[in-house]
Every structure is written in C-alpha cells, then in structure tokens.
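Spelled out as structure tokens, the structure:
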C-alpha cells in the first residue's frame with residue numbers, strides 16, 4: 001500500500017478515483033480504495049500529468065525511490081551471485097587438488113534415517129495465523145464503525161430503545177413462550193413508529209437531499225450529512241420545546257373515542273399528540289445531543 005495515497009483523506013481519494021474514472025462500490029473502505037488506485041496507477045504505461053493531478057506528486061516521487069532501491073538491490077544480488085560462483089569454483093579446485101591426499105573422512109551418514117513426517121505441527125505458524133485473522137477482523141470492525149452512517153445507526157438504535165422499547169415493552173425469559181409483553185395498542189405503536197421515523201430520519205433526509213452542498217465535491221453522496229444533522233437538531237428543538245399538546249382537545253377525544261364517535265382527523269391529531277408527549281417524556285434531550293454530535297463529527301471528518 002502506498003503511504004502517500006494512504007495519507008490522503010477518504011473524500012480526496014474519492015475525488016481522485018472519480019478523476020481517474022474508476023468504478024468501485026460506494027461502501028468501499030479507505031484501505032481498499034487506496035489499493036484500487038495504486039494498482040490502477042501501477043498498471044499505466046506512463047505517469048500522469050502532474051498539472052492535472054497535483055495530488056500524485058508525492059506518489060510518483062515515492063515510486064521513483066522504490067524503483068532505485070529495487071535496482072540497487074538487484075545489483076547487490078548480482079555481485080553476491082558472482083562472488084558465490086567464484087568461491088564455488090575455488091572450492092571445487094581445492095577439493096580436486098586435495099582429493100588425492102591423505103586428508104579425508106571415512107564417516108558414512110547414509111544409514112541414518114530422518115524422523116517420521118507423519119505428525120508435523122508448526123505452532124508459530126498457528127499463532128501467526130490467529131494474529132493475522134484477529135488483525136483483519138479488527139481492521140474490518142474499525143473501518144465499519146469509522147463512518148458517519150455507522151454512528152448514525154447507533155444513534156437510531158438508542159433512540160428507538162429509549163422511545164419505544166424500554167418504556168412500553170417488558171421482557172421476561174422465565175415466562176416462555178409469552179416472555180414479551182407490551183402496554184401499547186396497535187394504533188399507538190404505529191403512531192410512535194411513524195412519528196419517530198419522520199422526525200428522526202425522513203424529514204432530515206429530505207432536507208439534506210434538496211439542500212446538498214457536498215454534491216459539488218462528492219457527486220455520489222445524495223444526502224448532505226451536515227445538513228441532515230443540522231435539520232435533525234432543529235426538529236428536536238422544535239418538538240421538545242415549542243410543540244405543546246392541547247389537553248382540552250385530548251379530553252374531548254377520550255370522550256368521543258369511548259362512545260365510538262371520533263373522526264379520522266381527530267384520531268390522527270391524537271396520535272401526533274401522544275407521540276410528541278412520549279418523545280418529550282422518554283427521549284428528553286437525547287435527539288438534540290445526537291444531532292449536535294453528528295454535526296461535530298461531520299465538521300471533523302469532512
């Protein structure tokens with residue numbers, strides 16, 4: 001792997017790959033992208049123009065240094081091989097000259113048998129394989145978690161747990177097979193899921209799709225991650241501080257629902273009020289904290 005390419009940031013590598021017109025999957029991690037670009041550059045017949053590709057200046061300098069080292073190593077190996085040939089010739093001449101003398105050995109080793117090769121275990125190779133596999137797994141985990149979508153996935157899972165799972169679901173393995181119980185009705189569960197999905201993902205993603213500044217540098221990114229987290233933070237502030245339910249309307253709905261006279265619009269408004277109340281009680285400041293954390297990560301990475 002080229003150290004000059006590895007020193008570049010991932011978005012710079014993506015820009016370079018786009019300029020080279022390379023085809024690669026969108027989820028390709030940084031080491032694999034460096035290897036892909038390195039193999040492509042090594043397979044070219046002549047170096048690229050540094051005026052059009054100024055970021056490859058250090059790469060071609062390091063490649064030239066490696067070629068000089070390889071040439072010097074080849075010269076040293078040639079000198080060593082010639083020296084060995086001379087030594088072999090001298091030793092053969094010496095052995096021919098002394099073969100007729102009295103200095104010789106009568107020991108015979110042809111009767112000694114080598115140990116049985118039925119059992120052979122290289123413990124050091126086994127340990128090195130384990131270390132290599134652990135290093136590969138660790139690298140894959142690190143590459144997977146060191147992305148903004150992975151961090152967002154962790155945030156979404158925590159929000160869903162605090163918003164719906166922890167307050168309304170009870171898990172008891174001892175009462176198998178009925179070890180999962182909930183206090184939510186079907187309409188309440190659907191209201192919570194739709195409200196959380198719209199406020200935490202759908203609306204921020206829609207805003208980040210249409211207000212997308214990063215598409216000028218990275219055309220393959222359809223949703224601006226910084227705008228996504230800014231929108232999510234503003235929505236969390238709006239829901240938590242400025243959206244207050246109408247308790248008089250809720251009391252009226254309870255009476256109408258008891259007698260079965262509630263309209264569809266009233267059911268919809270009740271679902272919104274119920275979801276917003278649970279958002280305020282269960283999530284509290286977590287969506288705001290996750291949104292601000294996402295903004296800081298985007299400013300750090302991008």
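Residue numbers (the UniProt record's numbering): 1 to 302.
All residues carry an ideal CB built from backbone N, CA and C; glycine is no exception.
- In the structure shown, residue 7 falls within a coil segment according to DSSP collapsed to helix, strand and coil.
- Taking 4 residues as the minimum length, the alpha helix (DSSP H) runs contained wholly in the stretch 25–50 are 30–42, in order along the chain.
- Secondary structure at residue 258: helix, using DSSP grouped into helix, strand and coil.
- If you look at residue 274, you'll find it in the alpha helix (DSSP H) that goes 264–278.
- If the five residues before and after residue 273 are omitted, its C-beta is found closer than 8 Å to the C-beta atoms of 245, 246, 249 and 250, all from its own chain and listed in chain order.
- When DSSP reads this structure, residue 170 sits in a beta bridge with 181.
- Per the coordinates, the alpha-carbon of residue 213 lies some 25 Å from the alpha-carbon of residue 7.
- Rounded to whole angstroms, residue 19 and residue 153 show a C-alpha spacing of 31 Å.
- The stretch 155–168 and the stretch 131–146 do not touch, with fewer than 3 CB-CB distances between them shorter than 8 Å.
- Pairing residue 11 with residue 36, the inter-Cα distance amounts to about 15 Å.
- Taking residue 223 as the centre and dropping the five residues before and after it, the same chain places the C-beta of 205, 208 and 209 closer than 6 Å to its C-beta, in chain order.
- Comparing C-alpha distances from residue 302 to each of 237, 57, 128 and 146 shows the shortest one belongs to 146.
- A direct Cα-Cα distance of roughly 33 Å separates residue 294 from residue 58.
- A straight-line Cα-Cα distance of about 38 Å links residue 278 and residue 218.
- A straight line joining the alpha-carbon of residue 139 with that of residue 266 spans about 53 Å.
- Between residue 151 and residue 233, the beta carbon gap of about 15 Å keeps them out of contact (Cβ cut-off 8 Å).
- Contact check for residue 163 against residue 282 passes: the beta carbons are separated by less than 7 Å.
- Counted as a single uninterrupted DSSP element, the alpha helix (DSSP H) harbouring residue 159 occupies residues 148–160.
- If the five residues before and after residue 184 are omitted, its C-beta is found closer than 6 Å to the C-beta atoms of 168, all from its own chain and listed in chain order.
- DSSP, reduced to helix, strand and coil, places residue 244 outside both helices and strands of the structure shown, so it counts as coil.
- Taking the C-beta atoms as reference points, residue 243 is found nearer than 7 Å to residue 276.
- Burial is judged here by how many other beta carbons sit within 10 angstroms of a residue's own beta carbon; residue 255 has fewer than 16 and is exposed.
- Classified as exposed, residue 190 has fewer than 16 neighbouring CB atoms from the shown chains inside 10 Å of its CB.
- With contacts defined by Cβ atoms closer than 7 Å, residue 13 and residue 33 form a contacting pair.
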